[in-house]
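Counting from 1, one number per residue, gives the positions in the sequence shown under UniProt numbering.
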Amino acid sequence: MQITGDGDLGFPELQRTETDNSAPTDSRQPLPTLYFTFASKNMGEGCLLQCGSLKDRESPRGMLPGSEWLSHQLGLLGLELRVSSALLLIFLTFSIWILGKGLTFVHQCYINCQQLRCFPEPPLQNWFKGHVGLIKPSEEGVKNIIKFVTTFREVFLMWGGPIHPIVFICHPDYIRPVTSASAYIAPKDKLFYGFFKHWLGDGLLLSKGDKWSQRRRLLTPAFHFDILKPYIKIFNKSTDIMHMNWRQLYVGDSIRLNVFDHISLMTLDSLQKCVFSHDSHCQEKPSPYISAILELSSLVSKRNQEPVLYWDHLYYLTSQGRQFLRACHLVHGFTDDVIQTRRRILAEQGSEAFLRNKIKGKTVDFIDVLLLAKDEEGKALSDKDIRAEADTFMFEGHDTTASGLSWALYNLAQHQEYQDRCRQEIQELLRGRQPEEIEWDDLSQMPFLTMCIKESLRLHPPVVAIARRCTKDIQLPDGRVIPKGNICLVSIFGTHHNPSVWSNPEVYDPYRFEFDNFQKMSPLAFMPFSAGPRNCIGQNFAMYEMKVVLALTLLRFRILPDEHPARRKPEVILRAEDGLWLRAEPLQHPSMPETHLSEAPQN
C-alpha cells in the first residue's frame, strides 16, 4: 500500500493505491487497512486517524454546510459530529436573541446613565462596586449618610454596582413629587420589600394599585378612635407586666437592661391582645408564636445584608431559608386558627349578635373588624386576605413601636432635664389617682412628653427610608427629571438630619415641636410614619401606645445612660449594634406595688 498526502485541510488526505495489479479486486471486500494507529515505530505516536478517500465521503444527512469543516476535523480524530439542522437553527436563534437582549439592555443602561448625569454623586469606591459598602447597616454607614446629606442637601445619586442607580432624596421639596404620586406612578420597589412576600402576602404593606386602594378603605375603620379607646387599658396592663419583670432583675442601685428586647416583647404582647384578643403571656414565659415573629424579623434583616440570597429559589435552599419557611408556617397556622374559630362563631351568632357581644366585652379586635368589613359591592375579605392584614399589623406594629420607644428612652437618659420635666408633667396629671393608669383623655394632656417623643422620632426614625420605583418620569421642582424605571429612595433619616431643613439637626431639642416652631415647617420635614397616600395607617395606634408606655415608665423609673453610647444600626428598622443598653433606677420600693393586672379575653 502506498500513502500519499495532500495538505488542503491542514491534515494529509490519505488515499489508497493498489500495488499488485495481478490480484483481482472485489469491490465488496472491505478495505484491509481502514484504520491504523500511529503508535508504531514507523508512524510517530499519539492519535488514531481514519483512512480512506475523504473526497468520496459525503456529509451526514441534514448537516448544514457551515458545520462540514468542523465535522471533517473531528472525523479525522475518530469522532462523528451529527447535529440536526433544526437544533442548530434553534441554538443560533436563541444566541441571536440573547445577544439582542444584551445589546438592548446595555443601550438602555447607557441612555439611563446619561439622563441621570444631572444628579451629583459621592466619589465611587470603584467602577464595579459603585457606592456599595459606603452605606452599611452600621454606625459608620449612618455617619456617611449624614455626610452626604450635608454635602448635597436635596438629591444625589448612589450606585449599587455598575448598573444599579438609586436616586437618594432628602429634602421635603424634592420628596413631595414622589410621595404625592399615586400608587401606580411610584409603587413600592419589589427589591426592597419582596423579602416579606411569603410572610405577609398581599397585605397593605405590599399590595399596590386598585387592590391597595380597596384594602386601605376597608381597613381605615379598624383605626377609628372608638376602636382604639379600649386598647389603652391593654397598653397599661402590658406595661405593668414589663415593669414587674424589670423589678425582678433589680440588683443594687439600678437595673441594666437591653431595653429593645424587653419593649419588643411588650409590644407583641399588646398587639396579640389587640389583634386576636389572645393573651399568650409571652412576657412571662416563651411563646412559640411570638418567638416565630421575632425570628422572622431577624431573618429578613440578615437576608437584606446578603445580596447572594436575594434570589428566592436559592434562599429557600439554605438553612436560613428553611428556617424562614418553618417560622412562616407556624405564624400562618396560628392566624388561620383564630380566623376560622372566629368565623364559626360569627356564622352561629350572626353579624349583629356577634358585634353586640363584642361590644359588651368592651373590645372589638382587629380580626373582628376585618371579618365584618365589606367593600362597596358587599364583598367580604377572604381568610387569606384577613391573614395577610393581621400578619402585616403584627409585624409593622411591634418592631417600629419598639424602636421608637427604645430610642425615646435612650434620648431622655442622655438629657435628664427633659426626663425630669416629663416626669413632673405625668405626676401632676395623675396626682391622687389610684391605680396609676393612663386613660384615654390623658393622651392629649401630655404636651411636653409628646414633644419629646416626636423629637426622638426625628433624631432616630424607626424606618430610615422608603423605596419607590418610578413607572413614569417624575419631574422635580428645579426641572430635573427622574427617568422612569429608576428607584427613588426617600431618606427619612436623611431628611430628619438635613441641616438645610433642621437647624443643628444632631442635637436633641424637643422645643422644635412647640406649636409656633413646628407650624413653620414643611409637613414633609418630619415623616416618621412615611408620607403621602401610603403613610402608616396605624400611626395613631403607635403614638398612643408610646405615650402610655413612656409615661408609666418615667413615673416608676429613672432611666440612666449606659457607660457605652449606642451605635446605630439601620436594618429593616433602626436598631443598635449589640443591643440598646440602659440602666433603670426604681423610684419606688423594689417590690412592685399591687397592680391592676387582668387577663385579656382568650379565644
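Glycine residues also receive a C-beta, built at the ideal position from the N, C-alpha and C atoms.
Apart from the 5 residues on each side of it in sequence, Ser403 sits with its Cβ closer than 6 Å to the Cβ of Pro462, Ile573 and Leu574 in its chain, given in chain order. Judged by DSSP secondary structure, Leu560 falls outside any alpha helix (DSSP H) and instead within the beta strand (DSSP E) spanning Phe557 to Pro561. Separation of Leu218 and Asp385 (C-alpha to C-alpha, rounded to the nearest whole angstrom) is 11 Å.
When rounded, the separation of the alpha-carbon atoms in His329 and Gly479 is 49 Å. In the three-state DSSP reduction, Ile169 falls in the strand class (E or B).
Of the other Cβ atoms in all chains shown, fewer than 16 fall within 10 Å of the Cβ of Pro447; this residue is therefore exposed. As far as DSSP is concerned, Glu295 takes part in no beta bridge. If you ignore the 5 residues before and after Gln125, its C-beta comes within less than 8 Å of the C-beta of His131, Val132, Gly133 and Leu134, all in its own chain and listed in chain order.
Within the model, the alpha-carbon separation for Leu554 versus Glu514 is close to 21 Å. Linking Val331 to His281 through their CA atoms gives a straight-line distance of about 17 Å.
Here the alpha carbon of Asp253 sits roughly 56 Å from the alpha carbon of Glu348.
Within a 10 Å sphere around the beta-carbon of Trp97 sit fewer than 16 other beta-carbons, which makes this residue exposed. It is roughly 14 Å from the alpha-carbon of Ser270 to the alpha-carbon of His243. Contact between the stretch 157 to 165 and the stretch 432 to 442 is absent: fewer than 3 CB-CB pairs across the two stretches fall below 8 Å. Taking C-beta atoms as the reference points, His460 and Ile146 fail to come closer than 8 Å. If you check the CB distance, Leu524 and Pro172 come in under 8 Å.
Spatial neighbours of Ser491 in its own chain (CB-CB distance under 8 Å, excluding positions within 5 residues in sequence) are listed in chain order as Ile145, Val149, Phe168, Ile169, Cys170, Val464 and Ala465.
For the pair of segments examined, the stretch 545 to 560 was found to touch the stretch 399 to 418: the number of CB pairs separated by less than 8 Å reaches three. Taking 4 residues as the shortest admissible run, the stretch 373 to 425 contains the following complete alpha helix (DSSP H) segments, listed from N- to C-terminal end: 383 to 414. Listed in chain order, the non-local C-beta contacts of Val178 below 7 Å within the same chain comprise Ile169, Ala186, Arg468, Ile474, Cys488 and Val490, local neighbours out to five positions each way being set aside. Relative to Arg568, the option among Trp407, Ser319 and Ala327 whose CA is nearest is Trp407. Around Leu204, the same chain offers Trp212, Arg215, Arg216, Leu219, Glu389, Thr392 and Ile537 as residues with beta carbons nearer than 8 Å, after the five sequence neighbours per side are excluded. Nearest C-alpha to Pro528 among Pro510, Thr400, Ile426 and Glu506: Thr400. Separation of Phe91 and Gly102 (C-alpha to C-alpha, rounded to the nearest whole angstrom) is 16 Å.
If you ignore the 5 residues before and after Asn535, its C-beta comes within less than 6 Å of the C-beta of Phe529, all in its own chain and listed in chain order. For Lys569, the enclosing beta strand (DSSP E) stretches over residues Arg568 to Pro570. Taking a contact as a CB-CB distance under 8 Å, the pair Asn258 and Gly579 counts as one, their CB atoms being some 4 Å apart. With 16 or more other Cβ atoms inside 10 Å of its own Cβ, Pro137 counts as buried. In the DSSP assignment, Phe148 is bridged to no other residue. When the beta-carbon positions are compared, Val549 and Phe235 come within less than 8 Å of each other.
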